[in-house]
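Let me begin by presenting the structure, written as C-alpha cells, before commenting on it.
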Amino acid sequence: MLDLARLTSFVALLDAGTFTAAAKALGVTKAAVSAHVRKLEEELGSALVLRTTRQVTPTEVGLRLHEAAKDLLAAAERVESQAKQHVGLTGKLRLTSTNEYLSTVLAPHLAAFLRLHPRLRLEVFGSPGLADVVAERYDVAIRFGQPPSSTLKATKLASFRRFPVATPTLVARHGEPKQPEDLARFPWVLHHLHKSPVAFQRGTETRKVTLSSSFVTDVVGLNRRLALGSTGAILGAEWLVEEDIAKGRLVPLLPEWSIPEKPIYAVRAGTGQAPAKVRALIKYLREALAQRPSSSG
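Everything in the sequence shown is counted per the numbering used here, starting at 0 for the first residue and increasing by one.
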C-alpha cells in the first residue's frame, strides 16, 4: 500500500511546482519532500516527475497519480475527521418530544445514533405539551409546526402530512363527505393548539373549512384512541394513523384533497453554536427523517 506521507509530499510538489515551495507549504525540509518523492518512484518503478534546476514537470504516470492521490488523501481526511468526531462525543444528551412520535418514529433513529456514539448517554423524555427547554435543561426538543419566536434556536428537520380520518362507523353515521364543506357536519377531536379554519387543497383550488370540536386534548395518542372509538374524526399525522389506515380501522376523508404539510423542528436553547454532540444529533435526525418515504426536508 502506498504511504500517505509520500503521497502528500508528491501532491504538494505538483501543486506548488518546486521542491522548495512544496517544503514550505508542508512545513518540512526540501530534503524530506525529495526523499518522499524518490521513495514513491522506487515503489512504483516509474518516474513521476522530470527534474530541472528551476522546476519539475510531471510525467504521464505522475499526472494520473496526482489526480488519484488527491482523491485518496481527501477520503483519508474525511475518515479521520469522522473517527475523531465519533470518539469525541461524550457526556449526557437530553431530548424531549411527544410520546407518540418518540415511540413511532424517533426510537430506532436514536438507537442507531447511540450505536455510532457509544460514549454518549441519551436521556429521552416524553411530554404531551411544550416542555420548557431552558428550565428542564433539555439539549434538544422536537416540535411540530412553526416554533414561536423566542430565544430558542430552531432547525427544520422535515415535514409531515396530516389526513382527516374517521372510523367506517362514524362515516356511515354522518355520511361520506363529497367536498371539504361536508366535513363541518362531523364531530371532531382536535388538538388544543389546532387553528381554524383548515385549508384544503386540490390542484390550484383551495377551500377553508372551520371544524367544530366535540373533544379537545393535548395528547396526540388520546386523539387517536378517541377516533378509533368513533368519538370523532381527527386530523391525524401520517406517522400516527398510517397503520390504522392500512388495516382499515380508520379511513381517509376526501383523499383527493390535501392539507399543507406541517414542519418538524429541533429546538435548543441559545443562539450561539451548539455543543458538538447536539449538532451531531440534529444533523443525524435531519438526514434520517429525510429518508422516510412520506417526509420531506
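Even glycine gets a Cβ: it sits at the ideal position worked out from N, Cα and C.
Among all the DSSP beta bridges, which residues are the ones paired with Ser212? In the DSSP output, where bridge partners are listed per residue, Ser212 has Trp187.
Check whether the stretch 169-188 and the stretch 197-216 are in contact - that is, three or more C-beta pairs closer than 8 Å. Touching, yes.
Per DSSP, what kind of secondary structure is Ser33 in: helix, strand or coil? Of the three classes helix, strand and coil, the one that applies to Ser33 here is helix, per DSSP.
Taking Lys69 as the reference, which of Leu12, Ser96, Thr166, Gly90 has the closest Cα? Nearest of Leu12, Ser96, Thr166, Gly90 to Lys69, Cα basis: Leu12.
At a cut of 8 Å, does the stretch 240-260 reach the stretch 127-139 through at least three beta carbon pairs? Judged by Cβ distances under 8 Å, the stretch 240-260 makes no contact with the stretch 127-139, as fewer than three pairs qualify.
State buried or exposed for Lys276, treating a residue as buried only when at least 16 other CB atoms are found within 10 Å of its CB. With 16 or more other Cβ atoms from the protein chains shown falling within 10 Å of its own Cβ, Lys276 counts as buried.
Pair within 7 Å by beta-carbon distance, Val142 and Tyr264: Per the sequence presented here, residue 142 reads as Arg, with Val not at that position. Yes.
Please report how far the alpha carbon of Leu239 lies from the alpha carbon of Ser149, in whole angstroms. Leu239 and Ser149 have their C-alpha atoms some 29 Å from each other.
So, using beta-carbon positions, are Glu32 and Ala22 closer together than 7 Å? Glu is not the amino acid found at residue 32; the sequence shown has Val there. The Cβ atoms of Val32 and Ala22 sit closer than 7 Å to each other.
Extent of the continuous alpha helix (DSSP H) to which Gly220 belongs: Here the alpha helix (DSSP H) through Gly220 covers 219-227.
Between Val208 and Val197, is the Cβ-Cβ spacing less than 7 Å? Contact flag set, yes.
Please go through the stretch 119-170 and give each complete beta strand (DSSP E) segment of 3 or more residues, from N-terminal end onward. Qualifying beta strand (DSSP E) stretches, in chain order: 119-125, 139-143, 152-159, 161-165.
7 Å Cβ shell around Arg77 - same chain, five flanking residues per side excluded: Taken in chain order, the list of residues that qualify is empty.
Just reading off the alpha helix (DSSP H) that Lys282 is part of, what are its end residues? DSSP places Lys282 inside the alpha helix (DSSP H), whose first and last residues are 275-289.
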